[in-house]
Every structure is written in structure tokens, then in C-alpha cells.
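Q: Before I ask anything, here is the structure I am working with.
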């Protein structure tokens, strides 16, 4: 399989099912941002962090590939001509969100209660986590925007929302694990 096809040289690309759209279409922006997020999560996973978090991040990366596939499939292309689902055995399910919630809860039991806003930073690994959180929020906003005009499974939006929460708490947990300074935001008086 060749990497280059030249079919996108004029600024359009194919979705699952074959329809072509401009490369700046909101659907492409949505799943492209999910892909960017997935890459950043790979960068976090490449850091010196606990093996448990690395395993969770691999699971998240796998789920993000699924989110990308769902976002790359227009509603009228979700079923093949033979009646079978185009994305068989793919989808985000409640258990995916529950995994994130359980991980958040477990990390929070080991952290001091949050009483202030936290400035991103303190350690490169923590900073990578905060950047991934921001990319996740952007992916969520773009997916919500897409949902105003096209069908997007609500659970995809919920997953992205919970994932950004997970990334925030993971940044706090890694800050604690790495003995990094957590800087409080202090508003002007």
C-alpha cells in the first residue's frame, strides 16, 4: 500500500464510505484534533511514569482511534450495502467512560483536596499532560460543533469530556509523583 495517493492534492479528502469533503471540513477538524490528542498522549506515555498509567494511556489511545473512526464516518455511511455495520465491533461504550471515572477517583484519593486553580507546569511530563488536556477540550468543542449539523453519538462527546477531566487529574497526580511544584493561581487584588 502506497502512503501517497495524490487524491488529496486539490484540498479534499475521503471519509469512511467514500464521500469526499474539503480538508478544512469540521468533520476533518474534529477527528484530526483527536489524532493530534492521540499523538500527545503517546508523548506522555513515553515519559518516565508509573506502568499502570502507561497501560491506561494505551487503552485511551486505542479508544481515541475508535473515536476517530466514528467521527470519520458520516451517518449515511454507517451501514454497508449488505446491511452490516461499517464499524463492526467499534464504538465507545459506557465501560470506557467508567474506566476514566474509576481512574480519576483512584488518583483523587491519593491527592490533597484541590482548593485553588493550578497553573500548568512544574515538570515537563506534567506540562505535556496539560497540553493534552487542552487539545482534548478543543477536540470536544469541535465535535460538539460538528454535532450541531451532523449526527454524532452523544457518548463520543461524553468520552472526550471525561478524558479531559482524567488528563487534568493525571497532571496533578504526576506532579505529586514527581515532586513537582504545583503553582497556585493567585488573582490580582
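Numbering (the UniProt record's numbering), first residue to last: 1 to 189. No residue lacks a Cβ here, since even glycine has one placed at the ideal position from N, Cα and C. Remember, it's a predicted structure, so these values are computed and weren't measured experimentally.
1) What are the complete beta strand (DSSP E) segments, minimum 3 residues, inside the region 73–160?
2) Relative to the C-alpha of residue 70, which residue among 62, 152, 128 is closest?
3) Which residue's Cα is closest to the Cα of residue 199: 54, 56, 157, 136?
4) Would you list, in sequence order, the uninterrupted beta strand (DSSP E) runs of no fewer than 3 residues that lie entirely inside the region 35–79?
5) My output table needs one value for residue 173: the three-state DSSP class, helix, strand or coil.
6) Return the chain-ordered list of same chain residues with a C-beta closer than 6 Å to the C-beta of residue 64, the five sequence neighbours on each side being excluded.
7) Less than 8 Å between the beta carbons of residue 150 and residue 29, yes or no?
8) Do you know whose CA, among 52, 27, 48, lies nearest residue 73's CA?
9) Based on Cα-Cα distance, which residue from 122, 53, 61 lies nearest to residue 36?
10) DSSP has residue 184 in a bridge; who is on the other side?
A: A quick look at the data gives this:
1) none
2) 152
3) The question about residue 199 has no answer here: the residues shown for the chain are numbered 1 through 189.
4) none
5) helix
6) 34, 38
7) no
8) 27
9) 61
10) 118
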